[in-house]
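In this text, residue positions in the sequence shown follow this note's numbering: the first is 1180, and each later residue adds one.
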Amino acid sequence: MFKSKVPMFSAKEYDDWKIRMHAHLSAMNDEMWSIIEDETIVIEKPNTSNDQTTKTVQDIPKPKKEWTVEDKRRANLDNIAKNTIYHTLDKIVFSKIK
């Protein structure tokens, strides 16, 4: 598992912190920064219903009971990203986002 010192948040040096956090999270997992910028990963599967109204296969959310070990790992990346960012905040800043 990846271990390194998490860069501490500083409002005065936000731009530098953001660059360091981008590098830190990306080193943990390639998808991690995308989660921060875009959204939580949605685990999906192809829609295999017999509806033939469209020629393209649409993905639908995959029920949790069907998740593979890899699906669970990917879905947990959001929690890991949040936890990592929370650890960069001092008590005063953290109390403002609770």
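All C-beta atoms, glycine included, are put in the ideal place defined by N, C-alpha and C.
Are the CB atoms of D1250 and I1214 within a distance shorter than 8 Å? Locating residue 1214 in the sequence shown gives position 35, where the first residue counts as 1. Locating residue 1250 in the sequence shown gives position 71, where the first residue counts as 1. In this structure, D1250 does not lie closer than 8 Å to I1214 by Cβ.
To the nearest angstrom, how far is it from the Cα of I1276 to the Cα of T1267? The sequence position of residue 1276 within the sequence shown is 97, counting from 1. The sequence position of residue 1267 within the sequence shown is 88, counting from 1. One C-alpha to the other measures close to 13 Å.
Hey, would you say I1220 sits closer than 8 Å to R1253, going by beta carbons? Numbered from its first residue, the sequence shown carries residue 1220 at position 41. Numbered from its first residue, the sequence shown carries residue 1253 at position 74. Yes, the Cβ-Cβ distance between I1220 and R1253 is below 8 Å.
Rounded separation between E1245 and Y1265 - CA only: Start at 1 with the first residue of the sequence shown, and residue 1245 comes out as number 66. Start at 1 with the first residue of the sequence shown, and residue 1265 comes out as number 86. So the alpha carbons of these two residues sit roughly 31 Å apart.
Let me confirm a value: M1200 is counted as buried when at least 16 other C-beta atoms fall within 10 Å, else exposed. Which label applies? The residue labelled residue 1200 in the question sits at position 21 within the sequence shown. Per the 10 Å Cβ criterion, buried.
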